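First residue of the sequence shown? That's 1 in my numbering, and the numbers climb one at a time after it. Before any comments, here is the structure.
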Amino acid sequence: MKRRLFCKILLVVVAVFSLLALSGVLFAQGRSEDAFERVIEIQEKNSHRLMAIEGVEGTGTGLGQSGRPAIKVFTAEPGVAGIPQELDGVPVQTVVTGKFYALKKPPWAGGPGGGEEEEPTDPTDRFPRPVPIGVSTGNEGECSAGTIGCRVTDGADVYALSNNHVFALEDTASIPSLVLQPGRFDVVPQCVIDPLDSIGTLFDYEPIAFDGSPNTIDAAIALSDESWLDKATPSDGYGTPKSTIATAYVNQRVQKYGRTTRLTKGQVWATNVEMDVIYSSGTAHFVDQIMVVDMSGGFILSGDSGSLLVSDGRGKSKGQPVGLLFAGDEAGIFGLANRIDLVLDRFNVTIDGK
1 MKRRLFCKIL LVVVAVFSLL ALSGVLFAQG RSEDAFERVI EIQEKNSHRL MAIEGVEGTG
61 TGLGQSGRPA IKVFTAEPGV AGIPQELDGV PVQTVVTGKF YALKKPPWAG GPGGGEEEEP
121 TDPTDRFPRP VPIGVSTGNE GECSAGTIGC RVTDGADVYA LSNNHVFALE DTASIPSLVL
181 QPGRFDVVPQ CVIDPLDSIG TLFDYEPIAF DGSPNTIDAA IALSDESWLD KATPSDGYGT
241 PKSTIATAYV NQRVQKYGRT TRLTKGQVWA TNVEMDVIYS SGTAHFVDQI MVVDMSGGFI
301 LSGDSGSLLV SDGRGKSKGQ PVGLLFAGDE AGIFGLANRI DLVLDRFNVT IDGK
């Protein structure tokens, strides 16, 4: 009898301590979220003034050297003067990233990528239909190449998702112009148009403002078909993305598959990023972006524009889409992505995944 009573008391004690531990974790998480929200508020209040400093390209919220939430200031080069060490009690960390560019393979770059290579899964090759995601694509109106991000659906039709500057050529392509796989930059002979390369037609895009007004997405969709477009990457990629999306957070492990660098992995470096991005049409100002870092370089390079950013954790969260990549620095260390929820909401579609 006494033994049963002791066991019951022990179970109650264990349960109480478990609840206390859980509440402590939730409390810590809540405080962490509150801390980030406060830093974001201060970042947004001061971002315009910070970006007015010559050499400052953008700002964001991440973790400082102390591991505490901090305002990050991104500069084109070292030694930019006039950046404060803290704002309203929040530490400010300066990070030299260089300038950011929309990373479509441009008409003036080098020679063709795939086509002449023997590797059958080279993302620059022409793939049998239905084509995988993460491979070369482009609009018939320009000899260039970007990346098919993923397949999306509105419940009736399926669409290829990529950037405006890949599918809509920075607002200049007509609807419904042909969307090709591979992009014209990657065909042999280079730049020819073969109607048989079509995987759909431009259906809709969000215009890019080049007048200083804030942009939140660089995205476009092309009406396609399940017989033309598959929903998984080539075999050396991450596979099929999840249909359920996730919110990016600082230090989150992420990955992408793209036309130029294939499968690469990195970490979310900052959220709520405000950044000026250079296009062939001019400079566009973006807000509420995700910045990813891979210090080894080569996370995202020219031609990877349009790649889908997905989580790289373990368990059910692995493969959840978090962003649509569209820009990066010249070295490929830093990548910039739109929030995937804003992209999907704009076109009223969902990820056609698993």
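Backbone N, C-alpha and C define an ideal beta-carbon position, used for all residues, glycine too. Given the structure is predicted, the values throughout are model-derived calculations rather than measurements.
Is the CB-CB distance between Val73 and Val96 below 7 Å?
-> Contact: no.
Indicate the three-state DSSP secondary structure (helix, strand or coil) for Pro195 in the structure shown.
-> helix
With a 10 Å radius around its C-beta and 16 neighbouring C-beta atoms as the bar for buried, classify Arg49 as buried or exposed.
-> exposed
State the DSSP-derived secondary structure class of Arg49, mapped to helix, strand or coil.
-> Helix.
Taking three-plus beta-carbon pairs below 8 Å as touching, is the region 134 to 151 in contact with the region 162 to 170?
-> yes
Beta-carbon proximity of Ile278 to Leu229, cut-off 7 Å = Not in contact: Ile278 and Leu229 (Cβ atoms no closer than 7 Å).
Lys354 classed as buried or exposed, judged by whether at least 16 other C-beta atoms fall within 10 angstroms | exposed
Between Pro78, Val268, Phe347 and Arg129, which lies nearest to Asp225 when the distance is taken from Cα to Cα?
-> Arg129
Coarse secondary structure for Val73, derived from DSSP in three states = strand
So what's Asp288 in DSSP terms, helix, strand or just coil?
-> strand
From Leu308 to Val152, what distance separates their C-alpha atoms?
-> 12 Å
Can you grab the Cα-Cα spacing for the pair Gln190 / Asp276, in whole Å?
-> 32 Å
Lys356: buried (16+ other C-beta within 10 angstroms of its C-beta) or exposed?
-> As shown, the chain starts at 1 and ends at 354. That puts residue 356 outside it, with no answer to give.
Out of Thr233, Ala248 and Thr247, point me to the one whose CA is closest to Pro241's CA.
-> Thr233
When the Cα of Arg414 is compared with those of Ile83, Pro195, Pro69 and Leu161, which residue comes out closest?
-> Residue coverage of the chain in this structure runs from 1 to 354, which leaves residue 414 outside it and unanswerable.
Give the range of the alpha helix (DSSP H) segment to which Ile278 is assigned.
-> Here Ile278 belongs to no alpha helix (DSSP H); instead the beta strand (DSSP E) covers Arg262 to Tyr279.
For Asn215, which residues of its own chain have a beta-carbon under 7 Å away from its beta-carbon, when the five flanking residues on both sides are left out?
-> Ile208, Ala209, Ala284, His285 and Phe286
Roughly how many whole angstroms lie between the Cα atoms of Gly113 and Val90?
-> At Gly113 the pLDDT is 44, less than 50, meaning the model places this residue with poor confidence; the figure from the coordinates comes in the next sentence. Cα to Cα, the separation comes out at about 46 Å.
Please name the residue, chosen from Ser213, Thr261 and Glu206, that lies closest to Ala173 on a Cα-to-Cα basis.
-> Cα-wise, what sits closest to Ala173 is Glu206.
Answer yes or no: do Asn338 and Ile175 have a C-beta to C-beta separation smaller than 7 Å?
-> no
Bridge-paired residues (DSSP) for Leu301 = Answer is none; Leu301 lacks a bridge partner.
Name the DSSP beta bridge partners of Leu324, please?
-> Leu308 and Asn338
Within this structure, are the beta carbons of Ala248 and Thr271 separated by less than 7 Å?
-> It is a contact, given that the beta carbons lie within the stated cut-off.
Going along the chain, which residues of its own chain have a beta-carbon closer than 7 Å to the beta-carbon of Asp157, five neighbours each way excluded?
-> Result list for Asp157: Leu223, in chain order.
Close-in-space but distant-in-sequence residues of the same chain around Thr201 (CB under 7 Å, 5 per side omitted) | Pro176, Ser177, Leu178, Val179, Ala222 and Leu223
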